[in-house]
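Each residue of the sequence shown is one higher than the one before, starting from 8 at the first, in our numbering.
Backbone N, C-alpha and C define an ideal beta-carbon position, used for all residues, glycine too.
Written out below as structure tokens is the structure these notes cover.
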Amino acid sequence: RNSEVDGQMAENLLHEAGVTVNKNSVPNDPRPPMVTSGVRIGTAALATRGFGDEQFLEVADIIAHALIPGADLPALKARVRVLTEAFPLYDGLETR
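As structure tokens, this is what we get:
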């Protein structure tokens, strides 16, 4: 809540970096519902891909860096692409 980055901003920045989250209210959220103070991060899809501790730490690092003002979002998106190519949803799936 004390961050200048609100839930909507975080959702948009992370989307540009290739990470899907959704803005979400937190208890006693002072911000309006269309903005929010938090985000929801689903990890089930990553676990389904076979992500382990190392990959989850990489995702956490990507998220943390994406929320820093002036972040190099294309470089972060490239890191996301490396992860998704190493852990495809299913064999034979090609990414664009």
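Per DSSP, what are the beta-bridge partners of Val-4 in this structure? Nothing about residue 4 can be read from this structure; the chain reaches only from 8 to 103.
Would Glu-65 and Arg-86 be called neighbours here (beta carbons separated by less than 8 Å)? yes
Span of the alpha helix (DSSP H) holding Val-12? Note, Val-12: premise wrong, no alpha helix (DSSP H); not H, not E.
Only counting the same chain, and skipping five residues up and downstream in sequence, which positions put a Cβ closer than 7 Å to that of Ser-10? Excluding its 5 nearest sequence neighbours in each direction, Ser-10 has no C-beta neighbour in its own chain below 7 Å.
Of the residues Gln-62, Thr-43 and Gly-57, which one's Cα is nearest the Cα of Asp-98? For the residues Gln-62, Thr-43 and Gly-57, the minimum Cα distance to Asp-98 belongs to Gly-57.
Among Leu-83, Ala-78 and Glu-92, the one whose alpha carbon lies nearest that of Leu-53: Glu-92
For Leu-64, does the three-state DSSP call read helix, strand or coil? Under the three-state reduction of DSSP output, Leu-64 falls in the helix class.
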